[in-house]
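J.: Protein chains in written order, with my numbering: chain S, 2 to 159; chain C, 801 to 1076.
Sharing a structure here in structure tokens format.
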């Protein structure tokens, strides 16, 4: 393009609490920016069509599939990835066999932790409905649901 | 690929007037599917609306709910007033993809993507929603029920953007939305239907059974006239006048027709004295 609008775009955003400035190509997905250029390989690619949820990150605090987000759309916004979570908070999931092979795990944990942080969502939704955007082929899902419910219970008790 | 990032609606409409080949983009949940493989899409030029903040909010007026051009499914799911007053919006929004899609996908994007299987469109149409289109030439308003004219064909000029969707606030005594897919979440609809009744009469809207989401006037007439319906099959002649389902990867025409008849019959059985 002669007007230069296909040139890389310089964007600034907050990534896991850190101010981040980077040049992105207009066709770059958030998923690829995170994994291949910023080295945050915890976020996984599964289906590339917004079905499996392995690439789930938070955008302004809401879960999104990073395979469907143009990277430039995060300019000025807050992005959080699995690397932002405290590993010590994962005990509930370990204890209940929430994860097995690991492919879906980062996305599952991101959505699970979002539910645990926002228990008010359960006034209108079930855990199962909120988790429906994360596919897992190992656990049969009961382990995931039990892990979330365990974490919710611990949070309530604590 | 090139992209323009307007910061205001005026700027966006100006860009679109200057280059109507620009493809408007909101949340990207349709456009970015299998993006790395769909290299032909990388050659196009996009008008990205994510910076046009004025298009995001929705608002309640005295006689209507006005969705913005960027209002997402999740924005409405978060609005408890919508649960009480226009619950079909919630029923449909909760069945679009999953939370990760609902937080990004927009009602207006669902309308202009023009999929026959769109889940947001039937409920808006059953509520008599009106599509508001703006361009540098001015504003036009098109009832959603008259917006489509063929598969992916619609009354939107290339220089127009959907900036609002106006949903009348009425008292309804029947509000039904049914979606049949392979599973509850993350499924594209095989057959769907939205039904409402208010002072304005019956509305029956079906999706995934025609080239575009459409009202079913013959079925609406059966309901208005109170014609006797003794079983699902009595609805089939009306359904065949209204829709033209096809066999495809997700289902068959016969299945779709019959399921539509059964959904309507059993959902309305207790509500319509003429059903028995």
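We put the CB at the ideal spot given by N, CA and C, even for glycine.
1) Residue range of the beta strand (DSSP E) that residue 50/S falls in?
2) Just tell me which of 874/C, 804/C, 1003/C has its CA closest to the CA of residue 844/C.
3) Under three-state DSSP, which class holds residue 73/S?
4) When Cβ atoms are compared, which residues of the segment 41–74 of chain S fall closer than 8 Å to chain C?
5) From the DSSP output, in three-state form, read off residue 58/S for me.
6) At a CB distance below 9 Å, what residues from the segment 13–41 of chain S approach chain C? Give them in sequence order.
7) Near residue 996/C, what residues of its chain come up, given a Cβ to Cβ distance below 8 Å and the 5 sequence neighbours on each side ignored?
8) Locate the beta strand (DSSP E) running through residue 994/C, then write down its first and last residues.
9) If you compare alpha carbons, which of 911/C, 906/C, 861/C, 1008/C is closest to residue 877/C?
10) Looking at the secondary structure, which residues open and close the beta strand (DSSP E) in which residue 868/C lies?
11) What three-state label does DSSP hand residue 1089/C in the structure shown?
12) Looking at chain S, which residues of the segment 823–834 of chain C have a Cβ within less than 7 Å of any of its Cβ atoms?
13) Buried or exposed: residue 807/C, going by 16 or more other Cβ atoms within 10 Å of its Cβ?
14) Kindly indicate which residue of 144/S, 81/S, 62/S, 119/S has the alpha-carbon position closest to the one of residue 39/S.
15) Taking 7 Å as the limit between beta carbons, can you name the residues of its chain near residue 46/S, skipping five residues before and five after?
16) Please look up how many angstroms separate the CB atoms of residue 924/C and residue 965/C, rounded, as I've assumed it's under 8 Å.
17) Whose Cβ in chain C lies nearer than 9 Å to the Cβ of residue 153/S?
18) Interface residues of chain S around residue 836/C at Cβ under 7 Å?
19) Counting only beta-carbon atoms, is residue 877/C nearer than 9 Å to chain S?
20) For residue 821/C and residue 22/S, I'd like the C-alpha separation in whole angstroms.
21) Helix, strand or coil for residue 846/C per DSSP?
22) Based on DSSP bridge pairs, tell me the residues matched to residue 935/C.
23) Report the rounded CA-to-CA distance for residue 938/C versus residue 119/S, giving the unit in angstroms.
24) Given that residue 848/C touches chain S, what residues does it touch there, using C-beta distances under 9 Å?
25) Output, in chain order, the set of chain C residues within a Cβ distance shorter than 8 Å of residue 131/S.
26) Residue range of the alpha helix (DSSP H) that residue 887/C falls in?
27) For a test of the three-state rule: what should DSSP assign to residue 856/C, helix, strand or coil?
28) Specify the secondary structure class of residue 142/S as computed by DSSP and reduced to three states.
29) Could you tell me whether the segment 8–25 of chain S touches the segment 856–864 of chain C, using the rule of 3 or more Cβ pairs below 8 Å?
30) Use the C-beta contact count for residue 990/C: other C-beta atoms within 10 angstroms, 16 or more gives buried, fewer gives exposed.
31) In angstroms, rounded to a whole number, what distance separates the CA positions of residue 79/S and residue 909/C?
32) Using a cut-off of 7 Å between C-beta atoms, extract the partners of residue 903/C located in chain S.
33) What residue range does the alpha helix (DSSP H) around residue 809/C cover?
34) Would a check of beta-carbon distances place residue 907/C closer than 9 Å to chain S?
35) Does the count of Cβ pairs from the segment 829–846 of chain C and the segment 87–100 of chain S closer than 8 Å reach three?
36) Alpha carbon to alpha carbon, how far is residue 1101/C from residue 849/C?
T.: The structure says:
1) Bounds of any beta strand (DSSP E) do not take in residue 50/S, whose DSSP letter is neither H nor E.
2) Out of 874/C, 804/C, 1003/C, 804/C has the C-alpha closest to the C-alpha of residue 844/C.
3) helix
4) 49, 50, 51, 52, 54, 57, 60, 63, 64, 65, 66, 68, 69, 70, 71, 73, 74
5) strand
6) 26, 27, 28, 30, 33
7) Excluding sequence neighbours, residue 996/C sits near 888, 926, 927, 972, 974, 975, 976, 1002, 1003.
8) Annotation for residue 994/C: the continuous beta strand (DSSP E) segment containing it runs 991–998.
9) 906/C
10) 864–868
11) In the structure as shown, chain C begins at 801 and stops at 1076. Residue 1089/C is therefore absent and cannot be evaluated.
12) 828, 829, 832, 833, 834
13) It counts as exposed.
14) 81/S
15) 32, 55, 56, 68
16) The Cβ separation is near 6 Å, so the contact holds.
17) Under the 9 Å cutoff, chain C gives no residues; its nearest Cβ is about 16 Å from residue 153/S.
18) 49
19) Yes, residue 877/C lies at the interface with chain S (some Cβ there is under 9 Å from its Cβ).
20) 31 Å
21) strand
22) 938/C
23) 43 Å
24) Near residue 848/C (Cβ distances below 9 Å), the residues of chain S are 27, 71, 73, 74.
25) 899
26) 887–893
27) coil
28) In the three-state DSSP reduction, residue 142/S falls in the coil class, being neither helix nor strand.
29) no
30) buried
31) 23 Å
32) 63, 64, 65
33) 809–818
34) Not a single CB atom of chain S sits nearer than 9 Å to the CB of residue 907/C.
35) Under the 8 Å Cβ criterion, the segment 829–846 of chain C does not count as touching the segment 87–100 of chain S, having fewer than three qualifying pairs.
36) With chain C running from 801 to 1076 in the structure shown, residue 1101/C is simply not present.
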